[in-house]
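One structure is given here, and the rest of the page talks about it.
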Amino acid sequence: MTYSVADREHMSRALELAAKARYTASPNPSVGCVLVVDGQVVGEGYTRPAGGHHAEIEALNAASGTQGATAYVTLEPCSHTGKTGPCAQALIDAGISRVVIACEDPNPKVAGDGIKLLQDAGIEVACGLYEDQAREINKGFIKRHEQGLPWVLVKTAASLDGRTAMASGQSQWITTPASRKDVQRLRAASCAIITGIGTQLMDDPSLTVRITNADVGVEDSLRQPLRVVVDSHLKMSAEARMFAQPGKTLVATMDGPEQREKAVALQTAGAEVVFLAARDGHVDLYELLLELARRECNNVMVEAGAGLAGAFVAEGLLDELVCYWAPKLFGSAARPMFELPIQTIDAHLALAVKDIRQIGEDIRITLRPDKDY
30 MTYSVADREH MSRALELAAK ARYTASPNPS VGCVLVVDGQ VVGEGYTRPA GGHHAEIEAL
90 NAASGTQGAT AYVTLEPCSH TGKTGPCAQA LIDAGISRVV IACEDPNPKV AGDGIKLLQD
150 AGIEVACGLY EDQAREINKG FIKRHEQGLP WVLVKTAASL DGRTAMASGQ SQWITTPASR
210 KDVQRLRAAS CAIITGIGTQ LMDDPSLTVR ITNADVGVED SLRQPLRVVV DSHLKMSAEA
270 RMFAQPGKTL VATMDGPEQR EKAVALQTAG AEVVFLAARD GHVDLYELLL ELARRECNNV
330 MVEAGAGLAG AFVAEGLLDE LVCYWAPKLF GSAARPMFEL PIQTIDAHLA LAVKDIRQIG
390 EDIRITLRPD KDY
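As structure tokens, this is what we get:
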């Protein structure tokens, strides 16, 4: 398929709009839509929070006239009725003559049906323009529907010599306020934040989003991600700070009589306790991710110590690593970034650098497992 310069410009704008929804659209995908008539943009929109309008409806409602228009959409228009009606039918009813789609929707409720509905109505459909960029914006949504698992981002903050805490466990604060504010953006884009009982007992964190929609340049209010504490033996106190915070807390533990008994106090404090299968005496992290996917979590962020963070890496559950490096040295007695059972150089995990930039005085590096290594 050959696309014009105008096609590329309009789809680029649709992708910009889609990016605005990444903090508020889940569990729906982040989608942008631009409507063009005779070379002029007549309407545009992006996905609003669940239950609100999809991108196509937002664009149609904003449009001054749509007969014969071309619609540029970053994800295949839906063809089913959920909390809202099918967007493909809305485009048909609006008299759209051509639809340019960045990528197909992997949701089995759509999965090509939206395209077919448009084509059956006589609308010209082109698919694949900037597909990689569109998939990147919705990497969590796509992975959940294709693999039944959420996208797993492990975030860590370390000294220049790769240490995340002193031997005592003290870790506040390694990085600068600028980096910590940047982490808030990662939290805001996450459906769930996972931590371990070690971190919970040491730091008693709130694990809340403490920025506003204005800080990230979006109109809709930010939500509080689901807080998840991996606590195999239920050591967590019912007095934990996060129970007093807005949003929900899920405690993941192994199933057993002792855990069932201890769970009562946590449930009374406001937590939901989920009992999962065990693996090597601990909560099976793969089962935890399956559970979060069932709860429609697209993107989850792990903010944990070396043990739990290392377990996600060692078990091959890592999709992305974001590390904030502070220009400090903590020394050899301090705790490492990960506890990983790697004994030889050949057994190393290769990572590919996707982004590197300075945040305040710190350096933020984004990496992913190198599939081609």
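Using this note's numbering, you'd call the opening residue of the sequence shown number 30 and step up by one each time. Ideal placement from N, C-alpha and C gives every residue a C-beta, glycine not left out. These numbers were taken from a predicted model, which means no experiment stands behind them.
Hey, quick one: how far does the beta strand (DSSP E) through residue 132 stretch, first residue to last? First-last for residue 132: undefined, no H or E at that position.
For residue 353, which residues from the same chain have a beta carbon less than 6 angstroms from its beta carbon, with the 5 sequence-adjacent residues on both sides left out? 186, 204, 208, 391, 393
Give the straight-line distance between the Cα atoms of residue 74 and residue 325, rounded to the nearest whole angstrom. 24 angstroms
Nonlocal neighbours in the same chain, by C-beta distance under 7 angstroms from residue 32, ignoring five residues either side: 158
According to the Cβ coordinates, are residue 170 and residue 254 closer than 8 angstroms? no
What's the gap between the Cα of residue 70 and the Cα of residue 242? 26 angstroms
Which residues in the same chain have their Cβ closer than 8 angstroms to the Cβ of residue 320, if we skip the five residues on either side of it in sequence? 281, 303, 305
In terms of residues, what are the limits of the beta strand (DSSP E) holding residue 355? 349-355
Stretch pair the region 272-279 + the region 209-219: three plus CB contacts closer than 8 angstroms: no
Are the region 375-384 and the region 229-240 touching, with three or more C-beta to C-beta distances below 8 angstroms? no
Return no unless some Cβ of chain B is closer than 8 angstroms to the Cβ of residue 150. No chain B is part of this structure, which consists of one protein chain only.
Residue 341 beta carbon less than 8 angstroms from that of residue 351: no
To the nearest angstrom, how far is it from the Cα of residue 175 to the Cα of residue 383? 23 angstroms
Taking just the CA atoms, how far does residue 165 sit from residue 76? 16 angstroms
Taking all protein chains shown into account, do 16 or more other C-beta atoms lie within 10 angstroms of the C-beta of residue 128, making it buried, or fewer, making it exposed? buried
Using the three-state DSSP reduction, which class does residue 283 fall into: helix, strand or coil? strand
Neighbour-count burial assignment, residue 189, 16 or more Cβ in a 10 Å radius: exposed
In three-state DSSP terms, what is residue 206? helix
Cut-off 6 angstroms between Cβ atoms - residues of its own chain near residue 84, not counting five sequence neighbours on either side: 60, 61, 62, 74, 75, 76
Which stretch, first to last residue, makes up the alpha helix (DSSP H) that contains residue 384? Unbroken run through residue 384 is the beta strand (DSSP E), 380-388; no alpha helix (DSSP H).
Nearest by alpha-carbon distance to residue 317: which of 67, 265, 177 is it? 177
Tell me which residues share the same chain as residue 97 and place their Cβ nearer than 7 angstroms to its Cβ, disregarding the 5 neighbours each side in the sequence. 66, 124, 126
Buried or exposed for residue 93, please, with buried defined as at least 16 other CB atoms from any protein chain shown within 10 angstroms of its CB. exposed
Residues of its chain near residue 388, where Cβ-Cβ distance is below 6 angstroms and the 5 sequence neighbours each way are ignored: 207, 208, 211
When the Cα atoms are used, what is the spatial distance from residue 181 to residue 258? 15 angstroms
Are the CB atoms of residue 337 and residue 301 within a distance shorter than 8 angstroms? no
Going by the CB atoms, is the gap between residue 30 and residue 131 shorter than 8 angstroms? no
Considering only the alpha carbon of each residue, which of 37, 90, 49 lies closest to residue 68? 37
With DSSP run on the structure shown, which of helix, strand or coil describes residue 304? strand
Can you say whether residue 485 is buried or exposed, counting buried as having 16 or more other CB atoms within 10 angstroms of its CB? For the chain, the structure presents residues 30 to 402; residue 485 sits outside this window and is missing.
Sorted by chain position, which residues of the same chain lie with C-beta nearer than 7 angstroms to residue 402's C-beta, five sequence neighbours on each side aside? Note that residue 402 has pLDDT 48, beneath the 50 cutoff, so the model's placement of it is unreliable and the number below is only indicative. 379, listed in sequence order.
Distance CB(residue 311)-CB(residue 266) smaller than 8 angstroms: no
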